[in-house]
Amino acid sequence: MTVSYDRQATSVSQFAAGLTQSDNQIMDGGSSDQCVLSSVQSMIKQGVKYVNTPIMAWGLPDPWPDPSTPGPTDWDSLDARVQLVQRLGETPVITLAEAPWWMKGMYVGHGKTQPLTADQEWQVEAYESRILDNKMDAWTHLVQAVAQRYMRPPYNVRYFQVWNELKGYYDPDINNYDFTTSAGNPDGPNARHGYTYMYNQVYTTLMNVASSLHVSQQEVNVGGPYVVMDTWSSNAQQSHPSRLVKPYGVFDQRSLNVVQYWLQHKAGAGFITFDASLENRDTGKILNQQPFVSASIFADTVRWIRSLNPTLYPGANTLPIWLAEWYSWTETDNTSLQEDNALKTVTMLQFIEAGGGIALSWNNFGNGGSDYGLWSPTQKAGREQANPWYDSYKALTENFGSGTTLYRTTVSDPGSVAALASQKQLLLVNQTASSVQVHVNNSTIALSPYQVSFTALK
């Protein structure tokens, strides 16, 4: 096995590690033990650069539960999350999702909308609902209140994602997303407007707030469309197959259309954001049980966006590309920590090579025996335990973070070993369950099964 690298620059990294507060565990460490809490927060401070939070749900209460009040009344929990990010010295990101129950409704087809009730605030229906057409002003008022509170000192938030996975924007009548600039039917409680219409309303609101606070609009970065890039196991299994076909599946044309339309019709943007996983939508499984093959979905999505004609799709070649969420695990119970680390590291290695930007990790405590996350909830001697993946995530930002010049590498068997090089570091990942001897220029590096190796270059 040979790996060679040279000093010929191929690109400059845009990568930074981040995470999302998808629950309250980084606030309390999953424990009342102060040592555990301090351990978790110390790992965040040392290991990531960006920390994201939604404005409600995922551990946060509704900031405006009573429609009879003139504005939001409950800021305490969101304040605490953003204050924590500040204390840790990270860059805060706010995702403008979800929304109070009384602003939302679920389109059920045939022209009918089911407005939410207070009892449905935290039920599954709430996550299948969008803003009602006649409540868009209330929604932008909430967005305005969030921006006015968190754009100013001491918070100084400058990054905003708009909505989450197009939740509520599926239209059963057309078996597709409502993603256009249509305002829908604001004459009543209808859920018919398109995502890009809502995005543009939010974007304009954020920019107006920035101006009112004497914050340069160039500093405020707003991202969309936050769509899931679905793949299917074959053309035969889906209604909208695309021509973007990879060994791990066929991309859904509907997701691609959302990105293209949004690029064409957005009022403005500071970045593009999407999410994806290794699983095919029709089976919920990784095609052919080859997770290291499927790991390239995130990089392939970046390359597809960059391949779009920038005249037709403004920003496709220039806007930073974020991962709002990303899921990379083997799906095999009792996966070793080493294999989990290797898979996630290869996923990010390829994302970096493709030109990907900020990656926001979700489920940071993991999902069990096939996905270990950044740290373990198991308490030993009053401390949370960093998993091997945490060390790799931290090292990726330190050694291959934004601004780092990347060098060309050549691997004789890329299915077995992945490589990434900069002026100072060589990253090697063994993607197999066997030991491998890797000959690198004039030296030999022994890799144990699924080993992730960062080696200083002279």
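Sequential numbering of the sequence shown, starting at 1, is according to full-length UniProt numbering.
C-beta atoms are modelled at their ideal positions from N, C-alpha and C, and glycine is treated no differently.
None of the values given here were measured: they were computed from a predicted structure.
Check                                                                                                                                                            : Outcome
Judging by CA-CA distance, which residue of P310, F351, L319 and D391 is the nearest neighbour of D340?                                                          : D391
By a C-beta neighbour count over all protein chains shown, 10 Å radius and 16 as the cutoff for buried, is S234 buried or exposed?                               : exposed
Once you ignore the five residues that flank A381 on each side, which residues in its own chain have a CB closer than 8 Å to its CB?                             : Residue placement at A381 is flagged as unreliable, the pLDDT there being 48, under the threshold of 50; a coordinate-derived value is accordingly withheld.
For S370 and D282, what's the separation of their Cα atoms in angstroms?                                                                                         : 20 Å
Can you give me the Cβ contacts of Q253 inside the same chain, cut-off strictly under 6 Å, excluding the 5 residues immediately before and after it?             : H240 and S242
Report the three-state DSSP secondary structure of Q148 (helix, strand or coil).                                                                                 : helix
My output table needs one value for F15: the three-state DSSP class, helix, strand or coil.                                                                      : coil
Would DSSP call D6 helix, strand or coil?                                                                                                                        : strand
Go ahead and label Q8 buried or exposed: buried means 16 or more other beta carbons lie within 10 angstroms of its beta carbon, across all protein chains shown. : exposed
Going by beta-carbon coordinates alone, are Y203 and A267 separated by less than 7 Å?                                                                            : yes
At the level of alpha carbons, what is the spacing between V429 and S68?                                                                                         : 57 Å
Which value, in whole angstroms, describes the spacing of the CA atoms of Y177 and Y169?                                                                         : 5 Å
I need the boundaries of the beta strand (DSSP E) containing D252, first residue and last residue.                                                               : G249 to D252
Going by beta-carbon coordinates alone, are L337 and P388 separated by less than 7 Å?                                                                            : yes
If contacts are defined as beta-carbon pairs under 8 Å, then N52 and A97 qualify, I think. What distance do you get, rounded to the angstrom?                    : Their Cβ separation, rounded to whole angstroms, is 11 Å, which puts N52 and A97 out of contact at 8 Å.
In whole angstroms, give me the CA-to-CA distance for I55 and S77.                                                                                               : 9 Å
What residue ranges within the segment 329-377 form continuous alpha helix (DSSP H) runs of no fewer than 4 residues, ordered along the chain?                   : 337-354
Excluding five sequence neighbours on each side, which residues of the same chain lie with their C-beta closer than 7 Å to the C-beta of L60?                    : P54, S77 and L78
Should Q338 be flagged as near chain D, meaning a C-beta pair shorter than 7 Å?                                                                                  : This model lacks chain D altogether; it includes just one protein chain.
Nearest to P189 by alpha carbon, out of W102, T444 and S294?                                                                                                     : W102
Between the beta-carbon of Q161 and the beta-carbon of T205, is there less than 7 Å?                                                                             : no
Helix, strand or coil, according to DSSP, for residue 524 in the structure here?                                                                                 : The question about residue 524 has no answer here: the residues shown for the chain are numbered 1 through 458.
How about L132 and G105: are their beta carbons less than 7 Å apart?                                                                                             : yes
Just the Cα atoms here: how many angstroms apart are L426 and V452?                                                                                              : 11 Å
Do the CB positions of E331 and I297 come within less than 7 Å of each other?                                                                                    : no
Are the CB atoms of Y407 and Y5 within a distance shorter than 7 Å?                                                                                              : yes
For S22, which three-state DSSP category applies?                                                                                                                : coil
Relative to the C-alpha of S255, which residue among I26, G368 and Y226 is closest?                                                                              : Y226
When you compare each of P65, N280 and L19 to A138 by their alpha carbons, which one comes out closest?                                                          : P65
I want to know whether the segment 146-153 touches the segment 341-355 - three or more CB-CB distances under 8 Å.                                                : no
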